[in-house]
Amino acid sequence: MATPKTSLGASTSSKRRKLSPSNADNSTKSSEIYYSTPPITPDQPISIVPTTTLKVTIPERQTTLEEQRKIKLRVAAARRWVPKLQNPFPKNKEIREAYQYKLMRHYTDGQPQVPVIRPPIATSPRVDALRKHFPLLKTPQSTNSDEIARNQMLLHRNKQITRSPIGQKLAWEAFSSREQDRIDRGREALMRSGLWDDDLEKEQRGQANNLPEWRKAHTGQFAKGNKLS
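Here the sequence shown is numbered in the UniProt record's numbering, starting from 1 and rising by one per residue.
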């Protein structure tokens, strides 16, 4: 059986020819069935629903004059710190020179200083009379000579123990290497205070350096000996 065409025009024309009286044939009419494609139903128009844009305005908190002043002070302080934070870290030479001046800042060169200008103090006759009427009390301070002598003896003994070889070796065992018994190792900052990084690096490599004897973990006089139990 021949396949009919799928177009709407061809199917309609074939149907018309089949129903026409000139082409009626009883033998073929009972064996052939023709299908026609229904017309396409157009889509219904979409109804446009008018919408309204919703907008919620939350009022901001009104800042007082005192709060505005604090904000301005913080902004000004932050801007003053901008150049300090942008400057590069000082070099070792700059740190060394600054440290030398730091050591000399508490000492004078012996030259006469300009006298301090003191403001005049107004006197009052009534206050002067009261001061003369109530003299300054003198409270005698009793000193215990036995306690002072005992403290001096303990100090002298402590110095002898500290300067002895056994005391120096104990100090070397306690402070020459990194501490392992504490999690934060807070004592290392104290042990590194006042020591040059160059000398610490030389000591780590086993080279000669100017570190004190208690800090020489590899090149000291106790480094090759056995530690005390």
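Note that the Cβ used here is the ideal one computed from N, Cα and C, for glycine as well.
Bounds of any alpha helix (DSSP H) do not take in leucine 136, whose DSSP letter is neither H nor E.
Boundaries of the alpha helix (DSSP H) around lysine 84: 82 to 86. The region 202 to 217 and the region 166 to 173 touch, with three or more beta-carbon pairs separated by less than 8 Å. As the crow flies, the alpha-carbon of serine 176 is around 17 Å from that of serine 164. Of the other Cβ atoms in all chains shown, 16 or more fall within 10 Å of the Cβ of glutamate 203; this residue is therefore buried.
Residue range 165 to 175 is occupied by the alpha helix (DSSP H) that includes glycine 167.
Linking asparagine 87 to glycine 220 through their CA atoms gives a straight-line distance of about 39 Å. DSSP places leucine 200 in the uninterrupted alpha helix (DSSP H) bounded by 197 to 205. By the neighbour-count criterion, in which 16 or more other beta carbons inside 10 Å mark a residue as buried, asparagine 151 falls on the exposed side. With at least 16 other beta carbons inside 10 angstroms of its own, phenylalanine 222 counts as buried. By the C-beta density criterion, asparagine 158 is exposed, having fewer than 16 other C-beta atoms within 10 angstroms. Closest by C-alpha distance to glutamine 100, out of Lys224, Lys55, Trp196, is Trp196.
For lysine 93, the closest alpha carbon among the candidates Gln44, Gly206, Asp198 is that of Asp198. The Cβ neighbour count for asparagine 144, taken over all protein chains shown within 10 Å, is under 16; the residue is labelled exposed.
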